[in-house]
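S.K.: Each protein sequence line maps, in turn, to chains P and S.
According to this note's numbering, the stretch in the first sequence is residues 1 to 526, in order.
According to this note's numbering, the stretch in the second sequence is residues 1001 to 1042, in order.
The structure is given below, and queries will be raised subsequently.
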Amino acid sequence: MSTATDTHHDEHHGPAKGMRRWLFTTNHKDIGTLYLWFSLIMFFVGGAMAMVIRAELIQPGMNLVDPMFYNQMVTMHALIMIFGAVMPAFVGLANWMIPMMVGAPDMALPRMNNWSFWILPIGFTLLLMTFFVPGGAPAAGWTIYPPLSLQTGDAFPLLVFGIHVLGISSIMGAINIIVTIMNMRAPGMGLLKMPIFVWGWLITAYLLIAVMPVLAGAVTMLLTDKYFGTAFFDAAGGGDPVLFQHIFWFFGHPEVYIMILPAFGIISEIIPTFARKKLFGYSAMVYAIAAIAFLSFIVWAHHMFTVGMPVAGLLFFMFTTMLIAVPTGVKIFNWVATMWRGAMTFETPMLYALAFLFLFTIGGFSGLMLAIVPADFQYHDSYFVVAHFHYVLVPGAVFAIMAAVYYWLPKWTGYMYSEFWGKTHFWLSTISINVTFFPQHFLGLAGMPRRIPDYAVQFTDFNFISSIGAFVFGLSQLIFVYVIIHCIRGGVGRATDRVWEGSHGLEWTVPSPAPYHTFETAPEVK
Amino acid sequence: MSEQDDDRTKQNRRRARFWALVIGAVAVTFYVGIFLLISTRY
């Protein structure tokens, strides 16, 4: 690959000054930065809610908050972490990296890109306003199942409108990513030459287009059920509350993969770099992502095995769910094979990628356990489920985001971060996350239900351990903020253009920090 | 931004705008479709 960063126009079009730069920017790097800061703030807002949850559960009895507020915390923690922290972080990474990785001067639709970001804070303002209206914030869980969710007070229309706004933002972001990848690639960059991160995002974007309108449709039907006399989900009016669960999970399961496929892409970038080998089985990795995306549309009812489905339905969804283990296994195998006999070093991004490999796999295995219908009848709505999805989302998605930040931070800022503090952050996070969530498997198997602020005394010890782990994890994230700010302000020295000895790809051919405009003249990819 | 794009990029963006409209229309169809699909059930 040749380097072709034409800086001819740079002197005319640097960033604007002050707030105008951030409000009106159409630059993919600025918008990526906005997304990433926004998601970090939301990570702490949602994290504060997690701290309230774990403080309440540190011992049995009603300790800190009233049950209604506890339910609001559980619901809002999930909504904020999913739609405010994880998804915007991946979109931020996409904005920063995809144009540079495919050799494009910017995203294909830069003005829409600006809108995609700026309606996001509006959506979250609507969501957070719900704490201050009569009846308080939504408290029926992020799945907003009727009829319970229809008992929400004045927060309900704000919630529905907020979800619409977030959905529009996601769809616009997804459209932009698809058309950028399909139309803006440098000459010579065929589809099967693209970095895997770009592939992961391309497929994720298609998932978003397919399912976000379904969620929007579902919540609109809830709205009309509550305020306009329809009975889509009201059994008394001839509707069916279970229908909502089907529609919700038709969105919800692909949503799970929306939060993990870009993570797979990140891990596929990082492991080859630090193993100093090419990714093993590139095309198998691409097909595995595509297979997982396809399967995500035909497994949704495994979230609702206990509603009373026909046995044929239970079997279908059980087997399709288990099929997901095949392409996922291909990916895990290929990552391990990439490292096999590699000249590995263990800088912070690699440590996070390795932790992802081990801990995401634990989450995958507990997912397989949950896929077994008769076993799920026991595990359903227990803390086992909470342990499972936190293993795939925290040491899975969140660790991948952290790995990506450490990996690309020198390219973004032009400085190296402190390895000492990066590794301290890694070890504290990895140990504490296991202390938090591993005992929750035992709690679930012993019968502790989820979304309950109090519990029987036999669950005391594991809950205490889990809460201590959560507090340590929460505090450890302050180190993450310190590392980022320290790096932006000069870090431990200048970063080279290539940053990592084993790095490959167009993004490493541009200077560090990446200039405001890159690849205004397309590079030739050989 | 767009005023400094070379011809190739301009053409790419034109093509991208067309496909963005097509994909946007698909998304809106899904949104309306879910209502129609369920409304006809009752």
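All C-beta atoms, glycine included, are put in the ideal place defined by N, C-alpha and C.
Quick caveat: nothing in here was measured; it's all calculated off a predicted structure.
Taking Cβ positions only, does S/T1040 come closer than 8 Å to chain P?
M.R.: For the purposes of this step, residue 1040 of chain S is taken as the residue at position 40 of the second sequence. Closer than 8 Å: no.
S.K.: Where P/L64 and P/G136 are concerned, what is the direct C-alpha to C-alpha distance, given to the nearest angstrom?
M.R.: On the first sequence, position 64 is the one that residue 64 of chain P refers to. On the first sequence, position 136 is the one that residue 136 of chain P refers to. The alpha-carbon atoms of P/L64 and P/G136 are separated by roughly 17 Å.
S.K.: Please state whether DSSP places P/S418 in a helix, a strand or coil.
M.R.: Taking the first residue of the first sequence as position 1, residue 418 of chain P is located at position 418. Note: P/S418 maps to coil in three-state DSSP.
S.K.: Hey, is the segment 1009-1019 of chain S in contact with the segment 92-103 of chain P, meaning 3+ C-beta pairs nearer than 8 Å?
M.R.: As far as the Cβ criterion goes, the segment 1009-1019 of chain S does not touch the segment 92-103 of chain P, which means the pair count is below three.
S.K.: Given P/F248, which residues of its chain have a CB within under 8 Å of its CB, disregarding the five upstream and five downstream residues?
M.R.: For the purposes of this step, residue 248 of chain P is identified with residue 248 of the first sequence, where counting begins at 1. T143, I144, Y145, L215, A218.
S.K.: Using a Cβ cut-off of 9 Å, which residues of the segment 28-51 of chain P contact any Cβ in chain S, in chain order?
M.R.: Residues: none.
S.K.: What span of residues does the alpha helix (DSSP H) with P/F527 cover, start to end?
M.R.: This structure does not reach residue 527 of chain P, given that chain P is present from 1 up to 526, and the question cannot be answered.
S.K.: Under the assumption that P/K29 contacts P/A514 (Cβ atoms under 8 Å), give the Cβ distance between them as a whole number of angstroms.
M.R.: Against the first sequence, residue 29 of chain P aligns to sequence position 29. Against the first sequence, residue 514 of chain P aligns to sequence position 514. P/K29 to P/A514, Cβ: 7 Å. Contact.
S.K.: Under a CB-based cut-off of 8 Å, is P/A514 close to chain S?
M.R.: Taking the first sequence and counting its residues from 1, the one referred to as residue 514 of chain P is at position 514. No - not a single Cβ of chain S is within 8 Å of the one on P/A514.
S.K.: Would you check if there are 3 or more beta carbon pairs closer than 8 Å linking the segment 364-380 of chain P to the segment 423-434 of chain P?
M.R.: Flag = no, the segment 364-380 of chain P and the segment 423-434 of chain P do not touch.
S.K.: DSSP three-state call for P/I449: helix, strand or coil?
M.R.: Position 449 of the first sequence holds residue 449 of chain P. Looking at the sequence shown, residue 449 of chain P is not Ile but Pro. Three-state DSSP puts P/P449 in a strand.
S.K.: Any beta-carbon of chain S closer than 8 Å to the one on P/D105?
M.R.: Working through the first sequence from its first residue, we reach residue 105 of chain P at position 105. Note that residue 105 of chain P corresponds to Pro in the displayed sequence, not to Asp. At least one chain S Cβ lies under 8 Å of P/P105.
S.K.: For the putative contact between P/V392 and P/F437, defined by C-beta atoms under 8 Å, what is the C-beta separation to the nearest angstrom?
M.R.: Here residue 392 of chain P refers to the residue found at position 392 of the first sequence. Here residue 437 of chain P refers to the residue found at position 437 of the first sequence. Contact flag wrong, Cβ pair sits at about 10 Å.
S.K.: Determine the contact status of P/G396 and P/N334, defining contact as a CB-CB distance below 8 Å.
M.R.: Taking the first sequence and counting its residues from 1, the one referred to as residue 396 of chain P is at position 396. Taking the first sequence and counting its residues from 1, the one referred to as residue 334 of chain P is at position 334. No.
S.K.: Give me the residue from S/D1006, S/W1019, S/L1037 with the minimum Cα distance to P/Y206.
M.R.: Locating residue 206 of chain P in the first sequence gives position 206, where the first residue counts as 1. P/Y206 has its Cα closest to that of S/W1019, out of S/D1006, S/W1019, S/L1037.
S.K.: Can you pull the chain S residues whose beta carbon is under 8 Å from the beta carbon of P/M402, in chain order?
M.R.: On the first sequence, position 402 is the one that residue 402 of chain P refers to. Chain S residues near P/M402: none, gap ~31 Å exceeds 8 Å.
S.K.: Assuming P/T130 contacts P/L159 (C-beta within less than 8 Å), just tell me the rounded distance between them.
M.R.: On the first sequence, residue 130 of chain P is found 130 positions in, with the first residue counted as 1. On the first sequence, residue 159 of chain P is found 159 positions in, with the first residue counted as 1. Yes, they are in contact, since the Cβ atoms of P/T130 and P/L159 sit about 6 Å apart, within 8 Å.
S.K.: I want to see whether chain P comes within less than 8 Å of S/A1020, judged by CB atoms only; does it?
M.R.: For the purposes of this step, residue 1020 of chain S is identified with residue 20 of the second sequence, where counting begins at 1. For S/A1020, the answer is yes, since a Cβ of chain P falls inside 8 Å of its Cβ.
S.K.: Applying the criterion that 16 or more other CB atoms from any shown protein chain within 10 Å of the CB defines a buried residue, is P/M527 buried or exposed?
M.R.: The structure shown does not extend to residue 527 of chain P, since chain P is modelled only from 1 to 526, so the question has no answer here.
S.K.: Distance cutoff 8 Å, beta carbons only. Does P/M182 sit that close to anything in chain S?
M.R.: What you label residue 182 of chain P is simply residue 182 of the first sequence in a count that begins at 1. Chain S, which has a Cβ nearer than 8 Å to the Cβ of P/M182, makes this yes.
S.K.: How about S/A1025: is its C-beta nearer than 8 Å to some C-beta of chain P?
M.R.: The sequence position of residue 1025 of chain S within the second sequence is 25, counting from 1. Not an interface residue.
S.K.: Going by the beta-carbon positions, is the gap between P/I119 and P/S169 smaller than 8 Å?
M.R.: What you label residue 119 of chain P is simply residue 119 of the first sequence in a count that begins at 1. What you label residue 169 of chain P is simply residue 169 of the first sequence in a count that begins at 1. Yes, they are a contact pair.
S.K.: So which residues on chain P does S/D1007 lean against when the C-beta distance must stay under 7 Å?
M.R.: As a first step, residue 1007 of chain S is located in the second sequence; it is residue number 7 there, counting from the start. Neighbours of S/D1007 on chain P: none; closest Cβ ~11 Å, over 7 Å.
S.K.: Buried or exposed, going by whether 16 or more other CB atoms sit within 10 Å of the CB of P/I569?
M.R.: Residue 569 of chain P is absent from the structure shown; chain P starts at 1 and stops at 526.
S.K.: Could you compute how far the alpha carbon of P/A387 sits from the alpha carbon of P/V198?
M.R.: By one-based count along the first sequence, residue 387 of chain P stands at place 387. By one-based count along the first sequence, residue 198 of chain P stands at place 198. If I take the Cα positions, the gap works out to 30 Å.
S.K.: Taking a Cβ distance cut-off of 8 Å, strictly less, list which residues of the segment 224-235 of chain P are near chain S, in chain order.
M.R.: Under the 8 Å Cβ criterion, the segment 224-235 of chain P contributes A231, F232.
S.K.: Taking the alpha-carbon of S/D1005 as reference, which of P/D106, P/P88, P/F464 has the nearest alpha-carbon?
M.R.: Stepping through the second sequence from its first residue, residue 1005 of chain S is reached at position 5. Cα-wise, what sits closest to S/D1005 is P/D106.
S.K.: Specify whether the segment 408-421 of chain P and the segment 438-457 of chain P touch according to this definition: at least 3 beta carbon pairs, one from each stretch, less than 8 Å apart.
M.R.: Touching, no, given that fewer than three Cβ pairs across the two stretches are closer than 8 Å.
S.K.: Looking at the unbroken alpha helix (DSSP H) that takes in P/S503, where does it start and where does it end?
M.R.: If you number the first sequence from 1, residue 503 of chain P lands on position 503. P/S503 -> no alpha helix (DSSP H), and no H or E assigned at all.
S.K.: Beta-carbon of P/P523 versus every beta-carbon of chain S: anything under 8 Å?
M.R.: By one-based count along the first sequence, residue 523 of chain P stands at place 523. No, P/P523 does not count as interfacial toward chain S.
S.K.: Please report how far the alpha carbon of P/A155 lies from the alpha carbon of P/E419, in whole angstroms.
M.R.: Sequence index remark: in the first sequence, residue 155 of chain P carries index 155 (1-based). Sequence index remark: in the first sequence, residue 419 of chain P carries index 419 (1-based). P/A155 and P/E419: Cα-Cα distance of roughly 45 Å.
S.K.: Who does P/R494 pair with in a DSSP beta bridge?
M.R.: Counted from its first residue, the first sequence places residue 494 of chain P at position 494. Note: P/R494 sits in a beta bridge opposite P/Y415.
S.K.: Applying the criterion that 16 or more other CB atoms from any shown protein chain within 10 Å of the CB defines a buried residue, is P/M172 buried or exposed?
M.R.: Stepping through the first sequence from its first residue, residue 172 of chain P is reached at position 172. Burial call: buried.
S.K.: Select from P/V133, P/I163, P/A104, P/P157 the residue whose C-alpha is nearest the C-alpha of P/N183.
M.R.: Residue numbering aside, residue 183 of chain P sits at position 183 when the first sequence is read from its first letter. Here the closest residue by C-alpha is P/A104.
S.K.: How long is the line joining the alpha carbons of P/T3 and P/A288, rounded to whole angstroms?
M.R.: Counted from its first residue, the first sequence places residue 3 of chain P at position 3. Counted from its first residue, the first sequence places residue 288 of chain P at position 288. Confidence is the limiting factor: at P/T3 the pLDDT is only 47, short of 50, which leaves the residue's position unreliable, though a coordinate-based value still follows. Whole-angstrom Cα-Cα distance: 31 Å.
S.K.: List the residues of chain S that P/I209 touches, going by C-beta distances under 7 Å, in chain order.
M.R.: Looking up residue 209 of chain P in the first sequence gives position 209. What P/I209 touches in chain S: I1023, V1026, A1027.
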